[in-house]
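Per the numbering used here, the sequence shown starts with residue 498, numbered consecutively. We put the beta carbon where it would ideally sit given N, CA and C, even for glycine.
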Amino acid sequence: MLDFSSTHWSQVRNLRGKRPRDEPELGDWEQAWTHLMRKYEPAMQSIARRRIAALGGGAVRSDQAEDVVQAFIAKCLERDWFHAASEEFGTFRGFVFVLIKRFTRDYIRAQRAQKRAPGSGIRSLDTQGEIPGNDAALDEKDNESWMRCVLVNTVDRVRRRSPTNAAVGALLIDDPTRSNAELALRSGLNEDAITLAKHRCIKMFAQEARPEVAETVRNLKDYEEEVRLIETYTQRFFKDRGPPQDR
């Protein structure tokens, strides 16, 4: 039976309300927070970049996504959004998806207001209300960015089992459209070995991603849903497209 009481997301959520004053608790809390933010910041930047492209209208540029994410991380701490987050944001992914979309919307609005009235600053960044720019195409891209982070963070675990599969997998996570010929050239394998490695990557990465997924949930139901999602995206990232399509 999996124990979710000590996962990184559980540590953050269980100590929400105020940053703990007790040194051991503070250490655990900061370690959990830093762990999650560091690993998933690339996905956050991708989400922000897409919302800027959809909603920015010249007020904020797509290349400012990193600034938006840094501001978001700071506001999470300043405004204690963990305490305000309802149970509908049960997973860390759910928390980020909802709040960073809203934050990016409000950030863009604030930048527009500042251009109209310099010095107005960012006065109100809500955790409530509609989720902006929310459509199937954007959601699909957001999930892909997130699952890419999960798989990137799984490479070292796979490497301990199979350096070859880890090497091929890392290349495909970076760009799933790479041809077998390019993969062979970069990895030093022949193309037949690439086909086999892709097949093995599907199972191996899905298995080794489970501990990574577990760190972002608080209960078995959410864990099982996240595992199903990573299994779907593992198939997509490591699918053998074969000749002649990939040449």
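Less than 7 Å between C-beta atoms, sequence neighbours within five positions excluded: which residues of the same chain meet that for M534? Counting from one through the sequence shown, the residue named residue 534 turns up at place 37. Around M534: I570.
Starting from T588, trace the alpha helix (DSSP H) in both directions and tell me its first and last residue. Here residue 588 refers to the residue found at position 91 when the sequence shown is read from its first residue. Where T588 is concerned, there is no enclosing alpha helix (DSSP H), given that its DSSP letter is neither H nor E.
Reduced DSSP category for K736 - H, G, I as helix; E, B as strand; rest coil: Against the sequence shown, residue 736 aligns to sequence position 239. Three-state DSSP puts K736 in coil, outside helix and strand.
Write down the C-beta distance between I691 and A681 rounded to the nearest angstrom, noting that I regard them as a contact closer than 8 Å. Residue numbering aside, residue 691 sits at position 194 when the sequence shown is read from its first letter. Residue numbering aside, residue 681 sits at position 184 when the sequence shown is read from its first letter. Contact holds; Cβ gap of about 5 Å.
If you draw a straight line from the alpha carbon of G685 to that of A678, how long is it in whole angstroms? As a first step, residue 685 is located in the sequence shown; it is residue number 188 there, counting from the start. As a first step, residue 678 is located in the sequence shown; it is residue number 181 there, counting from the start. CA-CA distance, G685 to A678, rounds to 10 Å.
Work out the CA separation of I699 and W745 for me, nearest whole Å. With the chain covering only 498 through 744, there is no way to say anything about residue 745.
Verify whether the separation of the beta carbon atoms of R609 and A545 is less than 8 Å. As a first step, residue 609 must be located in the sequence shown, where it is residue number 112. As a first step, residue 545 must be located in the sequence shown, where it is residue number 48. Against a cut-off of 8 Å, the Cβ pair of A545 and R609 comes out as no contact.
If I measure Cβ to Cβ from R675 and keep anything under 7 Å in the same chain, skipping five residues before and after, which residues do I get? As a position in the sequence shown, residue 675 is number 178, starting the count at 1. Residues L668 and L669 of the same chain have their beta carbon placed closer than 7 Å to that of R675, with the five preceding and five following residues left out of the count.
Under a three-way DSSP split, which group does N716 fall into? For the purposes of this step, residue 716 is taken as residue 219 along the sequence shown, with counting starting at 1. Residue state, collapsed to three classes: coil.
Measure the alpha-carbon distance for I605 versus T661 and round it to whole angstroms. The residue given as residue 605 occupies position 108 in the sequence shown. The residue given as residue 661 occupies position 164 in the sequence shown. About 44 Å.
Buried or exposed for E723, please, with buried defined as at least 16 other CB atoms from any protein chain shown within 10 angstroms of its CB. Position 226 of the sequence shown, counted from the first residue, corresponds to residue 723. So E723 counts as buried.
Expressed to the nearest angstrom, what Euclidean distance is found between the alpha-carbon atoms of V566 and Q542? Reading the sequence shown from its first residue, position 69 is the one you call residue 566. Reading the sequence shown from its first residue, position 45 is the one you call residue 542. If I take the Cα positions, the gap works out to 6 Å.
Please classify A694 as buried or exposed, where buried requires at least 16 neighbouring CB atoms within 10 angstroms. Start at 1 with the first residue of the sequence shown, and residue 694 comes out as number 197. The residue in question, A694, is buried, as its Cβ has 16 or more Cβ neighbours within 10 Å.
Out of curiosity, what's the CA-to-CA distance linking R620 and K612? By 1-based counting over the sequence shown, the position of residue 620 is 123. By 1-based counting over the sequence shown, the position of residue 612 is 115. Reliability of the predicted coordinates at R620 is poor, the pLDDT of 48 falling under 50, and the value obtained from them is presented with this limitation in mind. R620 and K612 have their C-alpha atoms some 14 Å from each other.
Evaluate A633 with the Cβ neighbour count: other Cβ atoms within 10 Å of its Cβ, from every protein chain shown; 16 or more gives buried, anything less gives exposed. Within the sequence shown, residue 633 is the residue found at index 136, counting from 1. By the Cβ neighbour-count rule, A633 is exposed, with fewer than 16 other Cβ atoms within 10 Å of its own.
N- and C-terminal bounds of the alpha helix (DSSP H) containing V649: By 1-based counting over the sequence shown, the position of residue 649 is 152. Here the alpha helix (DSSP H) through V649 covers A633 to V649.
Beta-carbon proximity of F501 to V714, cut-off 8 Å: Position 4 of the sequence shown, counting from 1, holds the residue named residue 501. Position 217 of the sequence shown, counting from 1, holds the residue named residue 714. At the C-beta level, F501 and V714 come within 8 Å of one another.
Straight-line Cα distance separating S642 from P539: For the purposes of this step, residue 539 is taken as residue 42 along the sequence shown, with counting starting at 1. For the purposes of this step, residue 642 is taken as residue 145 along the sequence shown, with counting starting at 1. Answer to the nearest angstrom: the Cα atoms are 8 Å apart.
With a CB to CB cut of under 7 Å and the five nearest residues on each side skipped, what residues in its chain are close to E563? As a first step, residue 563 is located in the sequence shown; it is residue number 66 there, counting from the start. Result list for E563: Q542, in chain order.
Measuring alpha carbon to alpha carbon, tell me which residue in K718, S503, K736 and E728 is nearest N640. Numbered from its first residue, the sequence shown carries residue 640 at position 143. Comparing Cα-Cα distances from N640 to each of K718, S503, K736 and E728, the minimum goes to E728.
Quick check on the DSSP output: the alpha helix (DSSP H) that includes N677 runs from which residue to which? On the sequence shown, position 180 is the one that residue 677 refers to. Segment N677 to S684, the alpha helix (DSSP H) holding N677.
Cβ neighbour criterion (16 or more within 10 Å) applied to S507: Walking along the sequence shown from the start, residue 507 turns up at place 10. S507 comes out buried.
Pull up the CB-CB distance for T651 and A706, whole angstroms please, since I reckon it's below 8 Å. Here residue 651 refers to the residue found at position 154 when the sequence shown is read from its first residue. Here residue 706 refers to the residue found at position 209 when the sequence shown is read from its first residue. Yes, they are in contact, since the Cβ atoms of T651 and A706 sit about 5 Å apart, within 8 Å.
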